[in-house]
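Peer 1: The sequence shown begins at 684 in our numbering and counts up by one. For reference, the structure I am asking about is given below.
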Amino acid sequence: VVGIWFTTLGISIMAFNLNGFNFNQFVVGSQGRVINAWADIIIRDNIGMEVMHERNAHMIIFQAEHNILMHPFHMLGVVGVFGDSLFGAIHSSLVTSSLIRKTT
């Protein structure tokens, strides 16, 4: 089930190009000054997840700065697909081996 969730999450992220969420919200004080929220600090520090729109996300080009295999959100889809396939193979082999019995 978890593999299916990761697969769905990864496919939807890659299909709709959701490379992060821009929670660029701020609070305006009584004097008109902008009070930054934690989201602004996290976005500006860039903790490893892209929050900007990828220029070549729709193209199958493995560039150094836009490598689909190194993108953490895209890797969720890859892990989900392989994890789900592995789980399915293990589960089906266990079920098959438990159903086949030798008769003498």
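Cβ coordinates follow ideal geometry from the N, Cα and C atoms, glycine included. Here the structure is a predicted model, which means the values were calculated and not measured.
Measure the C-alpha to C-alpha separation of Val685 and Ser775 and round it to an integer number of angstroms.
Peer 2: For Val685 and Ser775, the distance between alpha carbons rounds to 17 Å.
Peer 1: In angstroms, rounded to a whole number, what distance separates the CA positions of Thr691 and Ile773?
Peer 2: Approximately 21 Å between the Cα atoms of the pair.
Peer 1: For Arg716 and Gly771, I'd like the C-alpha separation in whole angstroms.
Peer 2: So the alpha carbons of these two residues sit roughly 56 Å apart.
Peer 1: Please report the straight-line C-alpha distance between Asp767 and Trp688, rounded to a whole angstrom.
Peer 2: Cα to Cα, the separation comes out at about 9 Å.
Peer 1: Between Gly763 and the rest of its own chain, which residues show a CB-CB distance below 6 Å, the 5 nearest in sequence each way excluded?
Peer 2: Excluding sequence neighbours, Gly763 sits near Gly686, Phe689, Thr690, Gly693.
Peer 1: Could you have a look at Gly766 and say whether DSSP puts it in helix, strand or coil?
Peer 2: Helix at Gly766.
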